[in-house]
Amino acid sequence: MKLETPVLIVGGGPVGICLAIDLAQRGIHCVVLERRHAGELPSVKCNHVSSRTMETFRRLGFVARIRAAGLPDDYPNDVVVRTTATGHELTRIHIPCRRYRYTDRSGPDGDWPTAEPPHRVNQIFLEPLLFEAAQATPGLTVLNRMEYLGHIQDASGVTAQVRDLDSGREFHVRAGFLVGCEGGRSLVRRAIGAQLTGDDVIQRVQSTYFRAPELIRLVTKPDAWMSYLYTTERAGNLLAIDGRETWLLHNYLLPHEQDADAVDRDACLRRLLGVGPQFQYTLLAKEDWIGRRLVADRFRDRRVFICGDAAHLWVPYAGYGMNAGIADAMNLSWLLAAHLQGWAPESILDAHQRERQPITEQVSRFAMQHAQGAIRERTTVPPQIEDSTPAGEMARREVGEAAYALHVQQFACAGLNFGYFYEGSPIIAYDGETAPGYTMHRHTPSTVPGCRAPYFVLPDGRPLQDALGTWYTLLRFDGELDVEPLLQAAAAAGVPLALLDVEAALVPAAYRHRLLLCRPDQHVAWRGDTLPADPSALVDRIRGAVVGG
Ligand SMILES: Cc1cc2nc3c(=O)[nH]c(=O)nc-3n(C[C@H](O)[C@H](O)[C@H](O)COP(=O)(O)OP(=O)(O)OC[C@H]3O[C@@H](n4cnc5c(N)ncnc54)[C@H](O)[C@@H]3O)c2cc1C
Numbered sequence: 066m067k068l069e070t071p072v073l074i075v076g077g078g079p080v081g082i083c084l085a086i087d088l089a090q091r092g093i094h095c096v097v098l099e100r101r102h103a104g105e106l107p108s109v110k111c112n113h114v115s116s117r118t119m120e121t122f123r124r125l126g127f128v129a130r131i132r133a134a135g136l137p138d139d140y141p142n143d144v145v146v147r148t149t150a151t152g153h154e155l156t157r158i159h160i161p162c163r164r165y166r167y168t169d170r171s172g173p174d175g176d177w178p179t180a181e182p183p184h185r186v187n188q189i190f191l192e193p194l195l196f197e198a199a200q201a202t203p204g205l206t207v208l209n210r211m212e213y214l215g216h217i218q219d220a221s222g223v224t225a226q227v228r229d230l231d232s233g234r235e236f237h238v239r240a241g242f243l244v245g246c247e248g249g250r251s252l253v254r255r256a257i258g259a260q261l262t263g264d265d266v267i268q269r270v271q272s273t274y275f276r277a278p279e280l281i282r283l284v285t286k287p288d289a290w291m292s293y294l295y296t297t298e299r300a301g302n303l304l305a306i307d308g309r310e311t312w313l314l315h316n317y318l319l320p321h322e323q324d325a326d327a328v329d330r331d332a333c334l335r336r337l338l339g340v341g342p343q344f345q346y347t348l349l350a351k352e353d354w355i356g357r358r359l360v361a362d363r364f365r366d367r368r369v370f371i372c373g374d375a376a377h378l379w380v381p382y383a384g385y386g387m388n389a390g391i392a393d394a395m396n397l398s399w400l401l402a403a404h405l406q407g408w409a410p411e412s413i414l415d416a417h418q419r420e421r422q423p424i425t426e427q428v429s430r431f432a433m434q435h436a437q438g439a440i441r442e443r444t445t446v447p448p449q450i451e452d453s454t455p456a457g458e459m460a461r462r463e464v465g466e467a468a469y470a471l472h473v474q475q476f477a478c479a480g481l482n483f484g485y486f487y488e489g490s491p492i493i494a495y496d497g498e499t500a501p502g503y504t505m506h507r508h509t510p511s512t513v514p515g516c517r518a519p520y521f522v523l524p525d526g527r528p529l530q531d532a533l534g535t536w537y538t539l540l541r542f543d544g545e546l547d548v549e550p551l552l553q554a555a556a557a558a559g560v561p562l563a564l565l566d567v568e569a570a571l572v573p574a575a576y577r578h579r580l581l582l583c584r585p586d587q588h589v590a591w592r593g594d595t596l597p598a599d600p601s602a603l604v605d606r607i608r609g610a611v612v613g614g
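In this note's numbering, the protein residues as written are 66 to 614.
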């Protein structure tokens, strides 16, 4: 058997499936190879879906289904710090429950510039919905129980060797491009000769997924989605998975505890929950993991790319593992589609690594820096933290205040969502102005080319994002300006470009120019008060036809 496809995606995790859906919606047929059975759940890892990822789901047309999944409607999405799960509460970061997610503006992420605030849903609920969306998308085929073994590539394509795990039969798939989205142990990464560099071990964690129907009654009220637990002996983190009876407990191992299995799981669980020997629970899975900070030194070898955990791994602070991977996929997807549709030369693909690798490195360092702060915090817990004495109360207040200041940065990470910009891209027309810096927590909206076009709502109530075309959109803030030469230059090169007229009085102050060219991923490609003298040169720049970038 020999299959042929324009794009072959290895790995049907969240990154591979999102890449496939976006490509297919752009008219590019693709095949996904996935080792798991159809419907087989992933392990209980990611819980936080970022605002940018929710915006992607909105664009792809299934955000409502994702928003409806996860914790019960009224279950608080708050993050708390407690001594034990049933002990004293030290601080609370308010994140609205689903029922009020679009209306409650009181939390630290309540004023975010987006139509889609973040969402809390575990990967075991998210992935089946992504898979369902993939199945409903024409032009996309997911082949389950198929394992990628290796590939060779030539000037016109890639031939991958695949094994059917049920029959043991091996066959080839011929593809124009291959994208490895098969997670941290990526074979594609090895096959393209990429090396992971960074910090191999930052934190070892013994994680336990368990069912305990009585815990919801015992935990300190009000409920919370995530609880950091600080006892005098050890620290942990408890996540509500279904908001009823399933939980995930991360037990941060002490420096001398190298082997998670050698640490008494049951005793640690009872200590962190603050429950006695009579407490009943069922262990569902051991999910032990090691926090790292590793980024691949290359994301591409000619016709083969890597995305998501295949390209980077770090401690998932700020909930930015899968979300960063989906951002990679959304960047690569439109570049590949532009090339495969014939209006962009292959050199447009150079932009992927030039844009994503510095951002990835940056996020990994934010996560690492935050991890160091969090490790410091939980290893310097005052001995009186659990005492019901004035000294204990004071310790709890002090630790609580410091914990709020630290963790609000990761749970309201506006900078990670909206602040990052692409500099040094070969397909962006820069104009000499420097983009404003950002932190994990803060950003400054800006129209400097490379930044995300600042959010605003149009007079008809649509957020800007909903009004943008599938491809490039020229925003015109002065209806008198003749933009015909640019539209014609785009049409002549086959570049899909839509025009959107916007009343200047309605836009945020960050918009200082009369024209702005927005890319399919909402990043600014160019801005100006008049059209450039040579519109074709601008079109060639954005479609990757300017040799040397
Ligand atoms: C404890 C924990 C908490 C986390 N929390 C968050 C969070 O809140 N937010 C967040 O964004 N991220 C979080 N992450 C990270 C997140 O889980 C990962 O970044 C995400 O799963 C990566 O998605 P992926 O699609 O790149 O890879 P994976 O999810 O690993 O998917 C890869 C897929 O490829 C398949 N596969 C592997 N090899 C082959 C092969 N040879 N052939 C065919 N198929 C193959 C696998 O079966 C799998 O389905 C967390 C991680 C951990 C450990």
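By construction, the Cβ of each residue, glycine as well, lies at the ideal position given by its N, Cα and C atoms. These figures come from a predicted structure and were not determined experimentally.
- Taken through DSSP and simplified to helix, strand or coil, Arg461 comes out as helix.
- Cys83 carries a helical assignment under DSSP once its states are collapsed to helix, strand and coil.
- Assignment of Cys246 by DSSP, reduced to helix, strand and coil, places it in the coil class.
- In the structure shown, the three-state DSSP call for Thr297 is coil.
- Look at Asn482 here: in three-state DSSP terms it is helix.
- By alpha-carbon distance to Asp307, the top candidate from Gly373, Gln587 and Met291 is Met291.
- Around the CB of Thr202, 16 or more other CB atoms lie within 10 Å, so the residue is classed as buried.
- Note on the region 360-426: whole beta strand (DSSP E) runs with a minimum of 3 residues are 369-371 and 377-379, in chain order.
- Taking all protein chains in view, the Cβ of Arg367 is surrounded by fewer than 16 other Cβ atoms within 10 Å, so the residue is classified as exposed.
- Taking Thr206 as the centre and dropping the five residues before and after it, the same chain places the C-beta of Val96 closer than 6 Å to its C-beta, in chain order.
- Along the region 314-348, the alpha helix (DSSP H) occurs as fully enclosed runs of 4 or more residues at 330-338, listed in sequence order.
- Gln587 sits in coil when the DSSP states are folded into three classes, being neither helix nor strand.
- Judged by DSSP in its simplified three-state form, Ile607 adopts helix.
- The alpha-carbon of Glu498 is positioned some 8 Å away from that of Pro514.
- Taken in chain order, the unbroken stretches of beta strand (DSSP E) that lie wholly in the region 98-172 and span 3 residues or more are 144-147 and 154-158.
- Distance from the CA atom of Pro381 to the CA atom of Ala392, rounded to whole angstroms, is 15 Å.
- By DSSP's assignment, Asp566 forms a beta bridge with Arg541.
- For Val428, the CB contacts under 7 Å within the same chain, skipping 5 residues up- and downstream, are Tyr385, Ala389 and Leu481 in chain order.
- Taking 8 Å as the cut-off, one finds at least one heavy atom of ligand 1 near enough to the beta carbon of Lys110.
- Bridge partners of Ile93 according to DSSP: none are assigned.
- Taking Glu488 as reference, the option from Gln449, Ala259 and Gln418 with the minimal CA-CA separation is Gln418.
- Between the alpha carbons of Ile74 and Ala325 lies a distance of about 34 Å.
- Going by DSSP, Val253 is part of the alpha helix (DSSP H) stretching over Leu252 to Ala256.
- Counting only the Cα atoms, His321 lies some 13 Å from Thr444.
- Taking Leu471 as reference, the option from Gly484, Val567, Thr168 and Gln434 with the minimal CA-CA separation is Gln434.
- In this structure, Glu235 places its C-beta atom within 9 Å of the C-beta atom of Leu214.
- Excluding its 5 nearest sequence neighbours in each direction, Val270 has C-beta neighbours in its own chain below 8 Å: His315, Asn316, Tyr317, Leu318, Ala325, Asp353, Trp354, Ile355 and Gly356, listed in chain order.
- Burial state of Pro573 is exposed, judged by a 10 Å Cβ sphere holding fewer than 16 other Cβ atoms.
- In the structure shown, Arg269 adopts extended strand secondary structure according to DSSP, grouped into three states.
- In this structure, Leu84 sits away from Ala225, with a CB-CB distance that is not shorter than 9 Å.
- Distance from the CA atom of Arg164 to the CA atom of Leu191, rounded to whole angstroms, is 18 Å.
- Counting along the chain, Gln530 sits inside the alpha helix (DSSP H) bounded by residues Leu529 to Ala532.
- Under a 10 Å Cβ-count criterion, Ile217 is classified as exposed, with fewer than 16 other Cβ atoms of the shown protein chains found around its own Cβ.
- Leaving aside the five residues that flank Phe127 on each side, the residues in its chain whose CB is nearer than 6 Å to its CB run, in chain order, Ala198.
- For Gln553, the enclosing alpha helix (DSSP H) starts and ends at Glu549 to Ala558.
- For Tyr469, the secondary structure class from DSSP, reduced to helix, strand or coil, is helix.
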